[in-house]
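For reference, the structure is listed below as structure tokens.
2 protein chains.
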Amino acid sequence: MLRDQLDAPALDWRAKGFWQPGPAVSSADFAAAGHHLFGGAVSWPVLVARSAAITHNIDTMAAFCARHGFSFAPHGKTTMAPALFTAQLAAGAWAVTVATANQLLACRALGVPRVLLANQLLDPVPLRWLAGELDHGFEALFYVDSVAGVEAIGAALADQPGTRPVRVLAELGHPGGRTGCRTVDELVEVAEAVAATARVRLDGVSGYEGGLPDSAAVTAYLGRIREATVRLADRGLLAAEVVVSAGGSAWFDIVADQLGGAWLPGHDLRVVLRSGAYITHDHGYYAEHTPFRRVRNEGSLEQALEIWAQVTSTPEPGLAIVGMGKRDAPYDEGLPVPLRIRRASGAVEGADGLSVTRLNDQHAYLRVPPEVEVRPGDLLCFGISHPCTAFDKWRTIPMVDDGYTIVDVLHTYF
Amino acid sequence: MLRDQLDAPALDWRAKGFWQPGPAVSSADFAAAGHHLFGGAVSWPVLVARSAAITHNIDTMAAFCARHGFSFAPHGKTTMAPALFTAQLAAGAWAVTVATANQLLACRALGVPRVLLANQLLDPVPLRWLAGELDHGFEALFYVDSVAGVEAIGAALADQPGTRPVRVLAELGHPGGRTGCRTVDELVEVAEAVAATARVRLDGVSGYEGGLPDSAAVTAYLGRIREATVRLADRGLLAAEVVVSAGGSAWFDIVADQLGGAWLPGHDLRVVLRSGAYITHDHGYYAEHTPFRRVRNEGSLEQALEIWAQVTSTPEPGLAIVGMGKRDAPYDEGLPVPLRIRRASGAVEGADGLSVTRLNDQHAYLRVPPEVEVRPGDLLCFGISHPCTAFDKWRTIPMVDDGYTIVDVLHTYF
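For the record, the sequence lines run as chains G and H. Letter by letter, the first sequence follows residues 1 to 414 in UniProt numbering. Letter by letter, the second sequence follows residues 1 to 414 in UniProt numbering.
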């Protein structure tokens, strides 16, 4: 059980999505009160997490990893919500993955025992802090992809107290991609630089296939990760225990095909998957790209995030303006998807034919077909595309059961 | 002096941008310590606000409004930072503008005496709360643009205790625009509905010209706002004191031309400008669109926001990867603009020819011309485009003097 929050923020800080004008209420008391989402304790817009769907998704992915013999380090940058990290670790996650030094620090403060920083770490300040934490039971791995970077790490740690080396994975990228060595030869050079640097230890190889265009490219790239790992092992640059990590939320079936099994004889190989968006899934990008659409008999994910927002104006035929904007909903991988209309009477109807055409900072433009009447005061329920840019817009998120009773409050740390 | 924060958050909650791994530090103590931005007290990326530039911009806009006889209700949704509201009110602002019920609640909790909610407010819960607050010295105005909306407000307030009416502005929109009646005839109907509704009082007319394509369209639209106000006054639908409000940060020179002067005889006319983005200005959208590029001898704005982020990888010729992503920098009205390179040695160079081509959640892709060498560990300073979607990505923002000593910490309430 992690610390759920770092400074016990009460809801009296007027976090958006809640309507608590009175004295301070702790989130625990708020959750215990059993508020209904439509009972006046929240304000619009609000991002809501469906508790049962999140539990289902955590269990589904834990089972997938167990079935394929993987370790799982779910990407915590998606949610940065300690209550969800707790649930993921309880379901067997080996570590939590993060993307930045600050997220690493937050995980340490929250009590996460092992963190995979899926990024380079070159800033001397967090590097020196990390070297000190390793003597106090904290485990962390991060990436290296250049000799210059390895030298910078070595220089930052040269005069530090402590005895344990920082543990790194050599990152293999691909041409046109993001970080990571472009060739296996470069990766070997980086690994040799690690071997020559005090206080730095090479634990394995990592990569990220999420930016690749199709399954053929992903398959080829994962093959090169395997080849690179074998090369490093053959050259004696890896210890007995080896970590190989890949896998966002779009291609983990191919990761299972390509990196599963015992392909590194003489070593104790741990393959670590890092999917993040699976935890809430979505109605857009991941609905289309999830491997569960391709693989059979491995389960499926449920959409766990909804934004509820109010129609404020219906100024022209076919147009409704909704109080939900770029501050509230992701818009980088597709606009929010209207799911349902809730009338002032409480009646709920489908939202077939409605679509969001544009977002301003605080408004959405909703196209309404002639056969549907949308009225000022109606509530719209939207699905989202891209969980990462949904969570980071909300500091507190009510968790609801399937009847929309608020059962918990998530705190996020962005 | 407003309350600077609602729950006195200390920096021990690992707010990104700060590096405070030790015991809790209050923001006041942190600011008093005199940290230098490059002295190890922050982590990368960090959004930084330049104190002198903000002061300059607040003074410049206050002088513009005073010179043209306007009241100023700066749009608080841009920053949602109480310390900046305090500075804007101290410089003579008549009110703070907000966009949502939650922002209204935050302003009330912070002690803002008068708020212009530049939006419809149809949710009965905040409406009833507001009706109660009006008896305790709080002033607020909000918009109406439909008869159905006015009826919903009347129904929400019908059985409420309290004596004062809620005060509304009838919103005139334009075809193809956002909220607001599309014709003056519709506006008159809405005003008549207000006159027929207990506990609601019409205080004037509002509009938003920010979405219009050019100065001719803005001029014509502002003329219709004037015409609509005269029509309502002629029909006896306005009291002696009248508020007319318009004005984002892109066209306030034309607002001054079109809405300045004594054009509503027999009434005490207050024209209220609502610009928000002026407070930090930017290196993108507003740098291009600010009226100060058109008007002469009225001053100019300075760019006050910078993001500092670290180069983590230089994996291919011409490409550097920087630790700054969609979570950190606005990307809806243009990508961040490289301004300077700070080497590990502390030397600072220009960033001519560099450009950001893409953002992921936590990474930026930087195109680097052949004649420039960018190295892992270098810091990049970026300007931004669109202050609203910069502020909302940061809970705490260091304010720096021109020598990059941290002199204050802004807290935001999104």
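The C-beta atom is built at its ideal place from N, Cα and C for all residues, glycine as well.
Nearest-angstrom Cα distance between residue i and residue j?
i	j	result
M61(G)	Y278(G)	8 Å
R50(H)	F382(H)	13 Å
D59(H)	T412(H)	21 Å
V409(H)	V400(H)	9 Å
A106(H)	F391(G)	21 Å
R231(H)	S206(H)	14 Å
L379(G)	F85(H)	31 Å
V190(H)	G334(H)	38 Å
W263(H)	G173(H)	21 Å
L116(G)	V188(G)	21 Å
N360(H)	H36(H)	29 Å
G92(G)	D352(G)	39 Å
P175(G)	P23(H)	44 Å
G236(H)	R226(H)	16 Å
G299(H)	G350(H)	26 Å
E373(H)	G318(H)	9 Å
Q258(G)	K393(H)	38 Å
G273(G)	V96(G)	It should be noted that the sequence gives Leu, not Gly, for residue 273(G). One C-alpha to the other measures close to 11 Å.
L6(G)	A309(G)	Residue placement at L6(G) is poorly supported in this model, since its pLDDT is 45, which falls under 50; the coordinates are not used for a value here.
residue 416(G)	P126(G)	Nothing can be reported for residue 416(G), as the shown portion of chain G is limited to 1 through 414.
A155(G)	H363(H)	24 Å
A344(G)	E288(G)	33 Å
R395(H)	A15(H)	7 Å
A8(H)	A63(G)	A caution first: A8(H) carries a pLDDT of 42, below 50, which makes its placement in the model unreliable, though a value can still be read off. C-alpha separation (whole angstroms): 43 Å.
L301(G)	T290(G)	8 Å
L47(G)	E371(H)	47 Å
L122(H)	G149(G)	55 Å
Any idea what DSSP makes of residue i, helix, strand or coil?
i	result
P370(H)	coil
G383(G)	strand
P338(G)	strand
W308(H)	strand
V184(H)	helix
N360(G)	coil
T396(G)	strand
L408(H)	One point to set straight first is that residue 408(H) is Asp, not Leu, in the sequence displayed. The answer is strand: DSSP assigns D408(H) an E or B state.
T389(G)	helix
L117(G)	strand
L105(G)	helix
L110(H)	helix
D7(G)	With a pLDDT of only 46 at D7(G), under the threshold of 50, the placement of this residue in the model should not be trusted, and no figure is reported.
A320(H)	strand
R167(G)	strand
Pull up the CB-CB distance for residue i and residue j, whole angstroms please, since I reckon it's below 8 Å.
i	j	result
L169(H)	V243(H)	6 Å
T179(H)	I321(G)	5 Å
A304(H)	A81(H)	About 12 Å separates the two Cβ atoms, so there is no contact after all.
Q103(G)	A131(G)	No, Q103(G) and A131(G) are not in contact; Cβ-Cβ is about 18 Å, not under 8 Å.
Q88(H)	S313(G)	Actually they are not in contact, since the Cβ atoms of Q88(H) and S313(G) sit about 28 Å apart, beyond 8 Å.
R199(G)	D253(G)	The pair is not a contact, with the Cβ atoms about 38 Å apart (cut-off 8 Å).
Just to confirm, is the Cβ distance from residue i to residue j under 9 Å?
i	j	result
L269(H)	A239(H)	no
A250(H)	Y221(H)	no
A83(H)	G377(G)	no
V337(G)	V368(G)	no
W44(H)	S71(H)	no
F138(H)	V166(H)	no
G204(G)	S245(G)	yes
I384(G)	H283(G)	yes
H75(H)	G276(H)	yes
D135(H)	R182(H)	no
P315(H)	G17(H)	no
A256(G)	H68(G)	yes
W28(G)	A41(G)	Looking at the sequence itself, residue 28(G) is Ala, so the reference to Trp does not match. No.
Can you find a CB in chain B that lies within less than 9 Å of the CB of residue i?
i	result
P315(G)	In the structure shown, chain B does not exist; the protein chains are G and H.
Relative to the ligand NAD, is the shortest distance from any of its heavy atoms to the C-beta of residue i smaller than 8 Å?
i	result
G261(H)	You won't find the ligand NAD in this model; it holds no ligand whatsoever.
**Item:** Unbroken stretches of the alpha helix (DSSP H), 4 residues or longer, contained in the region 125-159 of chain H
**Value:** 147-157
**Item:** Length-filtered (4 minimum) alpha helix (DSSP H) runs lying within the region 56-93 of chain G
**Value:** 82-90
**Asked** Which full runs of the beta strand (DSSP E) of 3+ residues lie inside the region 189-218 of chain G, going along the chain?
**Response** 200-206
**Request:** Counting only runs of 3+ residues fully inside the region 220-290 of chain H, write out the beta strand (DSSP E) ranges in chain order.
**Result:** 241-246, 268-273
**Request:** Kindly provide the ranges of any alpha helix (DSSP H) runs that are 4 or more residues long and lie completely inside the region 15-51 of chain H, ordered along the chain.
**Result:** Within the region 15-51 of chain H, the complete alpha helix (DSSP H) segments of 4 residues or longer fall at 27-32, listed in chain order.
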